[in-house]
Amino acid sequence: GAVVSQHPSRVICKSGTSVKIECRSLDFQATTMFWYRQFPKQSLMLMATSNEGSKATYEQGVEKDKFLINHASLTLSTLTVTSAHPEDSSFYICSARQASGGATETQYFGPGTRLLVL
Amino acid sequence: KQEVTQIPAALSVPEGENLVLNCSFTDSAIYNLQWFRQDPGKGLTSLLLIQSSQREQTSGRLNASLDKSSGRSTLYIAASQPGDSATYLCAVRLRVPGTALIFGKGTTLSVSS
């Protein structure tokens, strides 16, 4: 099946620094990528929808100036957590929707990035 | 607003038991429903995807059913094994092209040997 990678898989940073997370679709083109966040013992919550070449659409309550999303190509989307604070510590997962779509359209998930802000 | 609920939140069973995980959703206008497995600290593994026009899907020891009109899906696991221990997530996609999945909180399954 289709493969989505994320880098890094784990990052520890000091409060106030910025962290960039990459999401790549390795063997297909993704016009749309989604960024989710998962706190301990909670479900995945959608943060934003990223469309190639256009601005991301953020869910209510997600600060667009804090979580910068760039979808510069059909295979790469990046999420930058600016001025990270301990409350931003979470598991960030991206998913990519294959451009061709169709009746059996599926979203493929990356392995996730564990962020710990000290 | 679509909400997805999973019951129970946690389940412990001895090896070999058959079990059922439940998922309910409030808006029946879905495009499809998907069951995932998530191991601790890991990403998601897709188990089964059921299109809105389908009633069930099977893969090995797993069987998922969908009753769209009542807003319910079940995941049946036959002859459970310790390796089945994980969190199982149910997610639905709305009938709007290109929208994200909406997840339940999951059922954490523990199978003892």
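Those sequence lines, one after another, are chains W and L. For our numbering, count along the first sequence from 1 and bump the result up by 175. For our numbering, count along the second sequence from 1 and bump the result up by 13. Positions of the beta carbon are idealized from the N, C-alpha and C atoms, including for glycine. These numbers were taken from a predicted model, which means no experiment stands behind them.
Partner residues on chain W for residue i, Cβ-Cβ distance less than 8 Å
i, result
"LYS55(L)", "PRO286, GLY287"
"LEU102(L)", "SER218, LEU219"
Within chain L, partners of residue i - CB distance below 8 Å
i, result
"GLN217(W)", "LYS118"
"ILE268(W)", "GLY56, LEU57"
Three-state class that DSSP yields for residue i in the structure shown
i, result
"GLU69(L)", "strand"
"ALA177(W)", "coil"
"GLU197(W)", "strand"
"ASP52(L)", "coil"
"PRO21(L)", "coil"
"ASP202(W)", "coil"
7 Å Cβ cut-off: residues of chain L touching residue i
i, result
"PHE209(W)", "ALA113"
Through-space distance from residue j to residue i, alpha-carbon basis
i, j, result
"ALA278(W)", "ASP52(L)", "Its pLDDT being 48, under 50, ALA278(W) is placed unreliably by the model, and the measurement read from it follows with that caveat. Taking the straight line from one Cα to the other gives about 29 Å."
"GLU234(W)", "MET220(W)", "9 Å"
"ILE196(W)", "MET222(W)", "14 Å"
"PHE242(W)", "THR232(W)", "11 Å"
"SER248(W)", "GLY287(W)", "20 Å"
"TYR101(L)", "ALA177(W)", "21 Å"
Sequence-distant residues of the same chain with beta carbon closer than 8 Å to residue i, five excluded per side
i, result
"SER72(L)", "LEU60, LEU61"
"HIS260(W)", "SER190, GLY191, VAL292"
Interface partners of residue i on chain W, CB under 7 Å
i, result
"LEU107(L)", "Here the premise fails: no neighbours, minimum Cβ distance about 12 Å."
Contact set for residue i: own chain, Cβ-Cβ below 6 Å, skip 5 residues either direction
i, result
"ALA271(W)", "VAL179, SER200, ALA205, MET208, TYR283"
"SER78(L)", "GLU69, THR87"
"VAL186(W)", "VAL194, LEU290"
"GLU227(W)", "THR206, HIS246, LEU249"
"THR281(W)", "none"
Same chain only: Cβ atoms within 7 Å of residue i, ignoring 5 sequence neighbours per side
i, result
"SER265(W)", "ARG212, GLN213, PHE214, LEU290"
"THR224(W)", "THR207, PHE209, ALA231, THR232"
"ILE239(W)", "Checking the displayed sequence, the identity of residue 239(W) turns out to be Lys instead of Ile. So the list reads TYR233, once near-sequence residues are dropped."
Cβ separation of residue i and residue j, assumed to be a contact under 8 Å, to the nearest whole Å
i, j, result
"VAL17(L)", "ILE90(L)", "Actually they are not in contact, since the Cβ atoms of VAL17(L) and ILE90(L) sit about 19 Å apart, beyond 8 Å."
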